[in-house]
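Here's the structure, in structure tokens; my notes come after.
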Amino acid sequence: IGNARWAGTPLAPILEEAGVLEKGIEVVFFGTDTGEVAIRDVKMQQNFARSMSLADAMNPDNLLCYEMNGAALPAPNGFPVRLIAPGWYGIANVKWLKRIEVRDTRFMSLLMARDYVTIREEDHNGETVWVETSVGRALIKSAPAKVTRKDSDYSIIGAAWGAPIDRVEVQIDQGPWAPATIDHSEEAEHAWKIWSLAWANPAPGEHTVTSRAVSTTGQIQPAMDDPLIAKKHTYWESNGQVTRRVRVD
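Note that the numbering used here gives residue 287 to position 241 of the sequence shown, counting from 1, and the numbers run on in steps of one.
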């Protein structure tokens, strides 16, 4: 995974020019890639497809993208055109785009209704209820990526994303949370925020390093034992705090 500079045509004006009817509620994006899907005893070939609400599709940030890092979109990345929906998980950014449909009913393909679904336990009046939701907008997250060394001093370096980031805090060995320094040398609204924390003269042995991001609205990246994470039973939308183990010699 990584960051890239995308260029293309805004999606919203194209939908407006096409004349979306008032009864339209959802926009479906179809890629040219196909695969076999089995539902009960029926097998069929389906194009990869994902959908979002019409209101979400009309976000002015959404692009029909044809350039990546100043060059034509490479084939593995979706040439000739793909959807880029900033602020959404990658699954929403349909590659090799071939068709866009506006529908007046929910789109319930396997990839919307089952494969990319988050399942959580929720408590309703003392009763456990299982709730399923399609993977959607990215959630606030950070992670320590590496530790560098210069003489006896170390630096912990990581990234934060998924929301407008106000600050990142780092915890070493269950100690107090310390503010990291965010690199503001290259700013972009939806790009990762690279952060670092100086770690002077750590003791030899194994250490744990944990980071948490805080958004500009005060939202805090949840701990792994937070019910938001602990009661989630699928991999998707996993934005709990990440702990790395580091050995200092």
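From the three backbone atoms N, C-alpha and C, an ideal C-beta is built for every residue, glycine too.
How long is the line joining the alpha carbons of residue i and residue j, rounded to whole angstroms?
| i | j | result |
| --- | --- | --- |
| T194 | N49 | 22 Å |
| A254 | K141 | As written in the sequence, residue 254 is Thr, which differs from the Ala given in the question. The straight-line gap from Cα to Cα measures roughly 38 Å. |
| A53 | G204 | 26 Å |
| W223 | S97 | 39 Å |
| Q217 | G116 | 38 Å |
| A138 | V73 | 12 Å |
| V181 | D229 | 29 Å |
| R258 | V177 | 26 Å |
| R213 | E82 | 45 Å |
| V260 | V88 | 47 Å |
| G251 | W282 | 33 Å |
Just to confirm, is the Cβ distance from residue i to residue j under 8 Å?
| i | j | result |
| --- | --- | --- |
| L110 | T55 | yes |
| A64 | N108 | no |
| G221 | I186 | no |
| I202 | L243 | yes |
| I60 | D150 | no |
| N123 | S198 | no |
| Y135 | A184 | yes |
| T164 | T280 | yes |
| N285 | P273 | no |
So residue i packs on residue j, CB below 8 Å; how close in whole Å?
| i | j | result |
| --- | --- | --- |
| Q287 | T256 | 5 Å |
| I296 | K239 | The requested residue 296 does not occur in the structure, where the chain is confined to residues 47 to 295. |
| G77 | L143 | 6 Å |
| A226 | W245 | Contact flag wrong, Cβ pair sits at about 11 Å. |
Looking at C-alpha atoms only, which residue of the options is the closest neighbour of residue i?
| i | options | result |
| --- | --- | --- |
| D169 | A259, L143, K277 and M90 | K277 |
| D219 | R290, D197, A226 and A189 | R290 |
| G133 | E235, V260 and K192 | E235 |
| K196 | D87, M90, V294 and T78 | V294 |
| I37 | N105, R160, R152 and P126 | Any answer about residue 37 is impossible in this case: the structure gives the chain only from 47 up to 295. |
| E233 | A226, A206 and A249 | A206 |
| I47 | M154, P250 and A191 | A191 |
| N105 | E62, D87 and P225 | E62 |
Should residue i be counted as a contact of the ligand PLP given a C-beta to heavy atom distance under 7 Å?
| i | result |
| --- | --- |
| S97 | Looking at this structure, you won't find the ligand PLP or any other ligand, since it has none at all. |
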